[in-house]
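Asker: Residues 928 to 1106 in this note's numbering are what the sequence shown lists, from first letter to last. All C-beta atoms in this analysis are idealised placements derived from N, C-alpha and C, irrespective of residue type, glycine included.
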Amino acid sequence: MSDDWHTLANPDEIPSPALLLFADRVEENIRRMIAMAGSADRLRPHVKTHKLGEIVQLQLKAGITRFKCATIAEAEMLAQAGARDVLLANQLVGPNAGRLAKLAGWFREVHFSTIADDAEALGNLASAGQEAGITLPVLLDLDAGMGRTGVPLGQAALTLYKLIDQLPGVEPAGLHLYD
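Laid out in structure tokens, this is it:
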């Protein structure tokens, strides 16, 4: 690849604003991500920046099988693009717990999981799972000391993790940290 990859032959013909993707650069970035991680199995790329099924398909082609997203719409896009392991890394509030349960019912071949750091949100997820006749995998979101998201380490975290294990409609799927 040349170093002048941003040069356009016809910039006056492209309406602005426009998103321009250079497929060879996207594929090279995917290869570099895999090399940095050591293997595709060690990656769970977040789709919140590109939100494009076409990029997900390139990642799948390169051997990446697990993905992370921030919204129900992104989770649906991932399922439609062929992803089979989707982590929705936002605590779901309001009707979104039910929306995830419905999505999991529509795409039964996809392993959807989400996070929780609050008993009320966890209860909503459990109710949504029960109503849909499914069990939603939930990762306990821990605060790694940044105060951004998650329950602080300690007894509160242990109590909440036990609740994930006890409530019908959800099941423990591990821990989640934002660092």
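1. Compute the Euclidean distance between the alpha carbons of residue 1032 and residue 1098, then round it to the nearest angstrom.
2. Counting pairs of beta carbons, one from the segment 965-975 and one from the segment 939-950, are three or more of them closer than 8 Å?
3. Identify whether residue 1101 lies in helix, strand or coil by the three-state DSSP scheme.
4. Using only the alpha-carbon positions, how far apart do residue 996 and residue 1030 sit?
5. Whole angstroms is fine: what's the gap from residue 1076's alpha carbon to residue 1041's?
6. Tell me whether the segment 975-989 and the segment 997-1009 touch, counting them as touching only if at least three CB pairs, one residue from each stretch, are closer than 8 Å.
7. Ends of the beta strand (DSSP E) at residue 1052?
8. Under three-state DSSP, which class holds residue 1031?
9. If you follow the alpha helix (DSSP H) that residue 1041 is in, where does it begin and where does it stop?
10. From the DSSP output, which residues share a beta bridge with residue 995?
11. Looking at residue 1049 and residue 1087, is the spacing between their C-beta atoms short of 9 Å?
12. Short check: CB of residue 1078 to CB of residue 1039, under 9 Å?
13. Could you name the residues of the same chain whose beta carbon sits closer than 6 Å to that of residue 1094, not counting the 5 residues immediately before and after it, in chain order?
14. Tell me, to the nearest whole angstrom, how far the beta carbon of residue 1066 is from that of residue 1100; I am working on the premise that it is less than 8 Å.
15. Just the C-alpha distance for residue 1036 and residue 1080, rounded to the nearest angstrom, thanks.
Answerer: In brief:
1. 16 Å
2. no
3. strand
4. 14 Å
5. 14 Å
6. yes
7. Unbroken run through residue 1052 is the alpha helix (DSSP H), 1046-1059; no beta strand (DSSP E).
8. helix
9. Counting along the chain, residue 1041 falls outside any alpha helix (DSSP H), though it belongs to the beta strand (DSSP E) covering 1038-1043.
10. 973, 1014
11. yes
12. no
13. 1053
14. 5 Å
15. 34 Å
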